Ligand code: SF4
Ligand code: SF4
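Numbering (the working numbering), first residue to last: 109 to 235.
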């Protein structure tokens, strides 16, 4: 058995900006599903998501980043949708609808700056 001095430190962020290295979406119990035809592109989901897990493409709302989405449901709660129909619904289970789809992190200094400074007009991540 190791002495306490030999154990690795736990609960410590040893390197700033390292959260993108940890794909935290694997432990959710619900996942959001985007229903594009009900989406009015208001971007409220992008604003409210605490994990920056709503991707954009060409300044419009894109798919979810399931690598980091923790399934909190805030996006579904805030989504106004169209004509009384939500554009985001929460479904039980860890998996998103397209587990093999190309994924990319939505995290980064550039995105944080955009979020702080205005609409995502120049965000062009692949989905
Ligand atoms: S469920 Fe939560 S973490 Fe996932 S995209 Fe919606 S707001 Fe973000
Ligand atoms: S909050 Fe709903 S309607 Fe607005 S962009 Fe997101 S998915 Fe579309």
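Just so you know, even glycine gets a beta-carbon here, dropped at the ideal spot from N, CA and C. From a predicted model like this one, the values you see are computed outputs, not experimental measurements.
Quick one: any contact between the stretch 125-142 and the stretch 164-175, if contact means 3 or more CB pairs under 8 Å? Yes, the stretch 125-142 touches the stretch 164-175.
Rounded distance between the beta-carbons of residue 171 and residue 142, thought under 8 Å: Confirmed, Cβ separation roughly 6 Å.
Would you mind sorting residue 162 into buried or exposed? The rule is 16 or more other CB atoms within 10 Å of its CB. Buried.
Should residue 237 and residue 181 be called a contact, given that it needs their Cβ atoms to be closer than 7 Å? There is simply no residue 237 to check, as the chain begins at 109 and stops at 235 in what is shown.
CB-CB under 6 Å to residue 195, same chain, minus the five flanking residues each way: which ones, in chain order? Around residue 195, the same chain offers 143, 146, 147, 187 and 189 as residues with beta carbons nearer than 6 Å, after the five sequence neighbours per side are excluded.
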